[in-house]
Amino acid sequence: MRVVECARQFSALFVYVPHVANQERMKRNKFLKGLRPDLYRMVLSGSLRPIWMQ
33 MRVVECARQF SALFVYVPHV ANQERMKRNK FLKGLRPDLY RMVLSGSLRP IWMQ
């Protein structure tokens with residue numbers, strides 16, 4: 033699955049967890065925990081920003 037597709041699906045699934053959907057910090061943490069380790073490191077280093085943050 034491409035990163036764009038993953039981000040789209042990630043956002044769509046928040047319909048099922050409204051208590052998390054309104055909290056940006058929890059949303060960010062859930063997204064980061066779901067990334068592959070190499071992408072996780074890239075996001076944390078600032079060389080790649082998650083789609084939902086753009």
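If you count by our numbering, then the sequence shown holds residues 33 to 86, one letter each, in order. Every residue gets a Cβ at the ideal spot worked out from N, C-alpha and C, and that includes glycine.
Going by DSSP in three states, residue i sits in which element: helix, strand or coil?
i	result
residue 49	coil
residue 40	helix
residue 34	coil
residue 54	coil
Considering residue i, what are the terminal residues of the alpha helix (DSSP H) in which it resides?
i	result
residue 30	Nothing can be reported for residue 30: it is not among the residues displayed for the chain, which extend from 33 to 86.
Here's a check: name, in chain order, each residue in its chain whose Cβ is nearer than 7 Å to the Cβ of residue i, leaving out the five neighbours to either side.
i	result
residue 64	72 and 75
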